[in-house]
Every structure is written in structure tokens, then in C-alpha cells.
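Chemist: Numbering of the sequence shown is given in the UniProt record's numbering, commencing with residue 1 and proceeding in unit increments.
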Amino acid sequence: MASITLSNIVKRYGDGFPAVNDVSIDIADGEFMILVGPSGCGKSTLLRMIVGLEDITSGDMKIGDRRVNDLAPRDRNLAMVFQNYALYPHLTVYENIAFPLRLAKKPDDEVDRLVRDAAGTLELTEHLDRKPGNLSGGQRQRVAMGRAIVRQADAFLFDEPLSNLDAKLRGQMRTEIARLQKRLGITTVYVTHDQTEAMTLGTRVAVLKKGLLQQLATPRELYENPGNLFVAGFIGSPPMNFLPAEVSGNRVKLPFGEVEIPAEKAKAAEGKGLLIAGIRPENFEDASLAAGKGESNGSSTFRAPVDVVEWLGNETYAYIPFEAPPEVEAQLRQLEQDLDGEAMRTQLVISLDGASRITEGSEAEIWMDASKLHLFDPSTGENLT
Ligand code: ATP
């Protein structure tokens, strides 16, 4: 096993805009590192450079203590698990798993021991005589991982391994990969554009946008303390709400009225003019149900017109439209573009307890946990709080 160190990695295709732009990431031995970002952010390019399928334009790449920039893929001892599993349909599960060992001309008894060990770990023992065509998607995935395990590779590399599966199987496989990775303790780099996979699988997550590393942190840190507008909007579903905000004293003026915020947040935003406030849907509640939800750490209530209510049983979504002033509208539009239009920018989306009796077309009294409010600089996108 090994650590993987990327230092100031740049990749240019031709003389164009760098697909990966000065990215540095230290992946610890045994760590599960996620590379995540929207289409075109450079995550696959980065993975392909790690495995050796793509030249590095500049920067240093190390596996353990060894600089590998110029090492052929087969000499890097990494195992790539592809999206389509790359299994041989005419070979049995046993022979598919044994394939790299046969290539390396290992003796039969060693092949047998390694294949049976891996099959045991992956709960494939009873399927060893079957062909991939007779397996479920999840079992095929495990065969592909088995092939990586028998090679005793220093690290596993996954490129969107679950994107061809239906939602249910994707969920199951996600749990399975997490369990296996923990059991094997093998360094893993996993590329995805799916933030649920990123949040649930990663020890740490590297968020990329247009070739640039935006933030490298644990899932919790990304969620609770996003470094900028992009990370804040990318992580979380439904996404964080972004609103125009003006701070004066310890109060912040939002489109619906003023709320009080903790002094240290107010101080960080002092004298910065019009800002973009960010707050997650779950940081709101129907005021009549909010008792005991942390009144003491900077909470506030306001009245707002609710135009749509969606009751889901255990929770209720309420939508409150607003208009953004032109000073921040351009930034919000850019953000929407960067996020592939995933975020909704001209309405506040709030998630309330399913017991809420809020109705469409009413002025509702809403409680907001202002201690969870973020304030972003509209010109740089930086989180000031
Ligand atoms: P996706 O999720 O769509 O696969 P990605 O985040 O993995 O996207 P990359 O595939 O790494 O992104 O691509 C990063 C940038 O490099 C994109 O702008 C892409 O068009 C460009 N690119 C990727 N491969 C090549 C290539 N072989 N030649 C030229 N440009 C390329």
C-alpha cells in the first residue's frame, strides 16, 4: 500500500486552457479520496495522470517515495476499476479474477489461493464458475474489484464506477464499496460527479472546478464550512439557498426582513457592502415548531409569503420567491452556470417538519438558525464567515 502525492500538477491538452491547473493533493496511505466536480472540471484527467494513461505537463507525482511521472502504467502497481468493469464475457468469474495473475505467469497453486481469498472477501465463492453475463451488476462490480485485489496493488482507482447502474443498485454498491475499502484498508482514489457518493464514501473530498482545486476537506467540513460559493452550492441537496444580504451591526438584511446574526459573523462582514448570504434549507423551521432549536445561538424569525408547499410526510418543502438586486444577480447567474444550473436562485427553498401546517399563498412565520448563515464576498466568492 502507499500514499499518493500530487504536487502542482498541470495538464494542458495542446496549447489550450489547462484541464488541470496547479493541483496539489496529498493522499494518505489507506485513505479514501474523492475527486468530485461538474463535467469538464478535470477529475478524470487527474485520475488518468495518476494511473499513467495521460502525460503530466508539469508538477510532480509520487507513489510512496517514488516519483512516477515517467513510469509506465504497468510499473505503477495501481489497479483501475473501470465504469464498464472490463470483464471478459467468455471467462468464468474465477478466470476473470485470475487474469492478471495468469498474465504475470504465477504458478497455479498461488493463483488458486489468491483467487479464492479474494472471492471469499468479496462473497463471490459460490459464483466462481459462472460467466459475467449471468451476474448482477453488483456482482460484476465485485469481480472487477477482485481482479484488483489479487494484483495486490498499492491503490485502487475508480472512475465513476456506478454511473451505469440504476438508483437502487447504485445505493447498494456504494455501501458495498465503502465496506470493502474499510475492510481492505487500501488507498483509494474515486472520481465522481455525484455529491452523494462524494459525501458518503470519502475520508476526504477534493472539489474541482475548471481544473482548479476549490477545497480539499472532510465531507463534514465541506458541508459545514464551504470555502467559497461554488463549494457551498455544489455540496448539499437540495442546494444551499443564496440570497442578497446587507450587514449592519449585528443584523443582516435579507429580502424578507432583518435577522440577527452571531457577532463574529457580523464582524467578518463589516463594511463589505452588499454580500451573498448562504443558508441551507434545513436551517429553517415553521416558527410554531421551532421551540428548543437553539434560540440562544443567533436565531431569528421572519414573515414571508409562501407560494408552493410540498408535503413529503416526514418533511415539508416550502418555496418563497424573491428578486435579487442587479449587484449580485450576475454572480448568482454565473454560479448557476458553474453548477450546471442545478441550483435554484430566485426562490428560497426551506425544509420544515412534516407536522407543519403552513399553507400555500400564506404569510408564514419562519424561524431561521442564523448561526448557520454564511456570508460570501460577491466578487471573489470567498466565504467570509
Ligand atoms: P466528465 O465528468 O465529463 O468526464 P471531467 O471532470 O472528468 O468531466 P475531464 O474529462 O478530465 O473532465 O476533462 C477536463 C477538460 O479537458 C475538459 O475541458 C475536456 O474537454 C478536456 N479534455 C479531456 N480530454 C481531452 C483530450 N484527450 N484532448 C483535449 N481535451 C481534452
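Glycine included, each C-beta is placed from N, C-alpha and C at the ideal position. If you're wondering where the values come from, they're calculated on a predicted model, not measured in any experiment.
The beta strand (DSSP E) spanning Pro244 covers which residue range?
Modeler: Its beta strand (DSSP E) spans residues Asn241 to Ser248.
Chemist: Rounded to the nearest angstrom, how far is the Cβ of Leu150 from that of Ile97, given a contact under 8 angstroms?
Modeler: Note that residue 150 is Val in the sequence shown here, rather than Leu. Right, their Cβ atoms sit about 6 angstroms apart.
Chemist: Look at the Cβ atom of Pro244, then the Cβ atom of Ala318, and state whether they are nearer than 8 angstroms.
Modeler: No.
Chemist: Within 10 angstroms of its Cβ, does Thr175 collect 16 or more other Cβ (buried), or is it exposed?
Modeler: Exposed, since its Cβ has fewer than 16 Cβ neighbours within 10 Å.
Chemist: Apart from the five residues on each side of it in sequence, which residues of its chain come closer than 6 angstroms, Cβ to Cβ, to Met344?
Modeler: With a pLDDT of 49 at Met344, under the threshold of 50, the modelled position of that residue is not reliable, and no figure is offered here.
Chemist: Taking the beta carbon of Asp159 as the centre, do at least 16 other beta carbons fall within 10 Å, making it buried, or is it exposed?
Modeler: Its Cβ being crowded by 16 or more others within 10 Å, Asp159 is buried.
Chemist: Ignore the nearest five residues each way along the sequence and tell me which others in Gly257's own chain have a CB closer than 6 angstroms to its CB.
Modeler: Phe302.
Chemist: Glu382 by DSSP, collapsed to three states: which one?
Modeler: DSSP places Glu382 in strand when its eight states are reduced to three.
Chemist: In angstroms with no decimal places, state the Cα-to-Cα distance between Asn134 and Thr188.
Modeler: When rounded, the distance between both Cα atoms is 28 angstroms.
Chemist: Rounded to the nearest angstrom, what separates Leu53 and Gln337 at their Cα positions?
Modeler: Between Leu53 and Gln337, the C-alpha separation is close to 30 angstroms.
Chemist: With Ala206 and Leu212 assumed to form a contact (beta carbons below 8 angstroms), what rounded beta-carbon distance in angstroms separates them?
Modeler: Not quite, the Cβ-Cβ distance comes to about 11 angstroms (not below 8 angstroms), so this is no contact.
Chemist: Could you pull out every residue in the same chain whose Cβ sits closer than 6 angstroms to the Cβ of Val68, ignoring the five residues on either side in sequence?
Modeler: Same-chain partners within the cutoff: Met61 and Arg76.
Chemist: Tell me whether the beta-carbon of Gly354 lies closer than 8 angstroms to the beta-carbon of Trp311.
Modeler: Yes, Cβ-Cβ distance for Gly354 and Trp311 is below 8 angstroms.
Chemist: With a cut-off of 8 angstroms on the beta carbons, I'd call Leu122 and Leu114 a contact; round off their distance for me.
Modeler: Contact doesn't hold; Cβ gap of about 12 angstroms is too wide.
Chemist: What span of residues does the alpha helix (DSSP H) with Tyr190 cover, start to end?
Modeler: Not the alpha helix (DSSP H): Tyr190 falls in the beta strand (DSSP E), residues Thr187 to Thr192.
Chemist: Regarding Gly40 and the ligand ATP, is the C-beta to nearest heavy atom distance less than 7 angstroms?
Modeler: Yes, the Cβ of Gly40 comes within 7 angstroms of a heavy atom of the ligand ATP.
Chemist: With a 10 Å radius around its C-beta and 16 neighbouring C-beta atoms as the bar for buried, classify His90 as buried or exposed.
Modeler: His90 comes out exposed.
Chemist: Taking 6 angstroms as the limit between beta carbons, can you name the residues of its chain near Asp65, skipping five residues before and five after?
Modeler: Contacts found: none.
Chemist: Considering just the uninterrupted stretch of the beta strand (DSSP E) at Arg280, what are its terminal residues?
Modeler: Here Arg280 belongs to no beta strand (DSSP E), and DSSP marks it neither H nor E.
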